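Have a look at the structure below, then the notes.
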Ligand SMILES: Cc1cc2nc3c(=O)[nH]c(=O)nc-3n(C[C@H](O)[C@H](O)[C@H](O)COP(=O)(O)OP(=O)(O)OC[C@H]3O[C@@H](n4cnc5c(N)ncnc54)[C@H](O)[C@@H]3O)c2cc1C
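Residue numbers (the working numbering): 800 to 1045.
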């Protein structure tokens, strides 16, 4: 099964969003990840197996390393699976990522930043950056079957966004600061951030935010993060990926 279907998402009205006022779509990419230094690389350690390398201190099992880096890498990948099964999670904190995330709403930001442990952000500031350039995220309305109703709903969202920009500009003209003018913005305006997190915190985030009880937009962003992370360190997230795709 496709990951997005697995987490309960569909996007039947995507085309309708394209021409809406300042429509923006979400984008997620990984821009940095913890790397082992050369000495460890030569032993077969890579980003995704750093947690296993560190966990070997627990049992003084570093001596299991052979002269074959490929074999060591394989052993470490197996060890990662055991750590996850046992709930021996702390070594996962050794691996850190930086994501670049754009095209998410301010309302998603409010939910996401409730997470506190092992995570951090640098968000676009609306005190310093003018709200006049704001763009917007439109709902997918995937639960509505009739196209005419979706068009009407999107047109209402569009109307409020246009009005917000118009009033924002007017308030600035009248002498308001950006931080006071921004309060007229609907929570569907788009923001952009860098997100820093370790692998343990990301697994926890996925556990809560890919679940069907989480709001659709944070589920969509989490699915995009999972898709990206599977390209470089699948060994740490395979169980979560399988849960939503098998
Ligand atoms: C489906 C869903 C619906 C939600 N609805 C609401 C809502 O209606 N209203 C609302 O206010 N919030 C809501 N939340 C937010 C939720 O209550 C959490 O604040 C949020 O999910 C962050 O989770 P966390 O504390 O596990 O975060 P993290 O910071 O990721 O914490 C990780 C883990 O560390 C431990 N931990 C963290 N802080 C402490 C602490 N102070 N003491 C002891 N252990 C700690 C816990 O084991 C925690 O699970 C919702 C979340 C979800 C997923």
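For glycine and all other residues, C-beta sits at the position ideal for the given N, C-alpha and C. In this text, all values refer to a predicted model and were calculated from it rather than measured experimentally.
- Per DSSP, reduced to three states, the secondary structure at residue 864 is coil, with no helix or strand assignment.
- Secondary structure note for residue 957: it is in no beta strand (DSSP E), and the uninterrupted alpha helix (DSSP H) holding it is 946-972.
- Going by DSSP, residue 830 is part of no alpha helix (DSSP H) but of the beta strand (DSSP E) stretching over 826-832.
- In the three-state DSSP reduction, residue 934 falls in the coil class, being neither helix nor strand.
- Nearest C-alpha to residue 1022 among 814, 827 and 817: 827.
- Taking 7 Å as the cut-off, one finds no heavy atom of ligand 1 near enough to the beta carbon of residue 909.
- In this structure, DSSP gives residue 980 a helical state, which the three-state scheme calls helix.
- The three-state secondary structure of residue 929, taken from DSSP, is coil.
- Closest in alpha carbon position to residue 991, among 901, 1001 and 946, is 901.
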